[in-house]
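Worksheet for the structure shown next.
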Amino acid sequence: QVQLVESGGGLVQPGGSLRLSCAVSRSIFSINEMGWYRQAPGKERELVATITRRGTTNYADSVKGRFTISRDNAKNTVYLQMNSLRPEDTAVYYCKVDLGSQDYWGQGTQVTVSS
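Just so you know, we're using the numbering used here here: the sequence shown kicks off at 158 and counts up by one.
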C-alpha cells in the first residue's frame, strides 16, 4: 500500500503563489510517472502536470508558463510550484503516482484564489 499526503494549499490572492507538496510513503526513485490533478466544483478532475522518472514534464495548456512540477527522490516528494494564480485555478489539487499495475491518489488539498 502506498500513501500520499498533500500539503501547501490555502487561500491566496490573484497573482500570488503557492507551493504544493506530495509526500509519498515509499521510495519514488523507480516510479515512472507522478502527477498533479485538480477538480473544481461541478467539474471533472483534470490533469495539471506530470513528471517522469527521467524528469520529462507535461503541463495542461492552462497552466503552462505559470506552474512548475518537480520531484525530489531523496525526500520522496513531488512538488507543484504555482505562480501568477488566477481565480480559475481554484480547486482541490490531488497528487497521483502511477505504479504501472495501479494508481494511487492523495486525499487532496484545497487551493482557493480570491481577493
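Ideal Cβ positions, reconstructed from N, Cα and C, are used throughout, including at glycine. Computed from a predicted model, the values in this text were never measured in an experiment.
Would residue i be called buried (16 or more neighbouring beta carbons within 10 Å of its own) or exposed?
| i | result |
| --- | --- |
| Lys-253 | buried |
| Gly-231 | Per the sequence shown, residue 231 should be read as Ala rather than Gly. Counting Cβ neighbours within 10 Å, Ala-231 comes out exposed, since fewer than 16 surround it. |
| Asp-246 | buried |
| Arg-274 | The displayed coordinates of the chain run from 158 to 272. Any statement about residue 274 would go beyond what the structure contains. |
| Gly-263 | buried |
| Phe-186 | exposed |
| Leu-168 | exposed |
Rounded to whole angstroms, what's the CA-CA distance from residue i to residue j? Just pull it up for me.
| i | j | result |
| --- | --- | --- |
| Asn-215 | Arg-183 | 23 Å |
| Ile-226 | Val-235 | 7 Å |
| Asn-233 | Gly-199 | 32 Å |
| Gly-273 | Ile-208 | Because the chain here runs from 158 to 272, residue 273 falls outside it and cannot be looked at. |
| Glu-190 | Leu-242 | 25 Å |
| Gly-166 | Gln-238 | 11 Å |
| Leu-256 | Ala-248 | 25 Å |
| Tyr-250 | Tyr-261 | 14 Å |
| Arg-223 | Gln-158 | 33 Å |
| Ile-188 | Glu-201 | 26 Å |
First and last residue of the beta strand (DSSP E) that includes residue i?
| i | result |
| --- | --- |
| Ile-188 | Per DSSP, Ile-188 belongs to no beta strand (DSSP E) and is neither H nor E. |
| Ser-272 | Looking at the DSSP string, Ser-272 is not in any beta strand (DSSP E), and its letter there is neither H nor E. |
| Glu-203 | 203 to 209 |
| Leu-242 | Careful: Leu-242 lies outside any beta strand (DSSP E) and carries neither H nor E. |
| Gly-167 | 167 to 169 |
| Asn-233 | Per DSSP, Asn-233 belongs to no beta strand (DSSP E) and is neither H nor E. |
Do residue j and residue i count as a contact pair if the criterion is CB distance below 9 Å?
| i | j | result |
| --- | --- | --- |
| Ser-271 | Gln-170 | yes |
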